[in-house]
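Step one of this worksheet: look at the structure below.
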Ligand SMILES: [Zn+2]
Ligand SMILES: [Zn+2]
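Numbering (our numbering), first residue to last: 69 to 214.
Here it is as structure tokens:
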């Protein structure tokens, strides 16, 4: 008998998976108190959460973290993390691309923001839960000890 193909997961992995299944983030952590979209400055989005946490992202990051199905699939095949820039095109004839910024930012119900980007893309719905999960502050981006 061979154990080939069977993968044993460690207790830590199992605990982590269970926590991800059961521990939905507390409501306060995914409810924004204040949302500032710095569209005219072209800088990005800042959110103050009800639990006191603060998050901010620049527009390029948000564009590269678009959570729509197409961008998700594209990131999966290229192994990019949300917000990670695409590798620069080596094509000398590639058109200059203006830095990403939204032409329009619209609230979606009470749970999300939708961006109409200057490259025409607009299918991503950035829910509060998603945004909180990709918070870029030093605390949230600190490497986790395993
Ligand atoms: Zn997208
Ligand atoms: Zn954070």
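Just so it is clear, CB atoms sit at the ideal spot from N, CA and C, and this is done for glycine as well.
Point to revise | Euclidean distance between Cα positions of residue 106 and residue 77 | key: On the chain shown, position 38 is the one that residue 106 refers to. On the chain shown, position 9 is the one that residue 77 refers to. Answer to the nearest angstrom: the Cα atoms are 44 Å apart.
Exercise for review: Report the residue ranges of all beta strand (DSSP E) runs contained in full by the region 145-176; include only those spanning at least 3 residues, in chain order.
Suggested key: 170-176
Review point. Around ligand 1, which residues pass a check of Cβ closer than 6 Å to any of its heavy atoms?
Key: 134, 136, 138, 139, 189, 191 and 192
Check your understanding: Within 10 angstroms of its Cβ, does residue 133 collect 16 or more other Cβ (buried), or is it exposed?
Key -> Position 65 of the chain shown, counting from 1, holds the residue named residue 133. Label assigned to residue 133: buried.
Check your understanding: So does the region 147-162 actually touch the region 101-117, counting three or more Cβ pairs closer than 8 Å?
Key -> no
Practice item. Find out if the Cβ-Cβ distance for the pair residue 191, residue 179 is shorter than 7 Å. Key: Position 123 of the chain shown holds residue 191. Position 111 of the chain shown holds residue 179. Not in contact: residue 191 and residue 179 (Cβ atoms no closer than 7 Å).
**Study point:** Cross-strand partners of residue 183 (DSSP beta bridge)
**Key:** Sequence index remark: in the chain shown, residue 183 carries index 115 (1-based). Answer is 173, bridged to residue 183.
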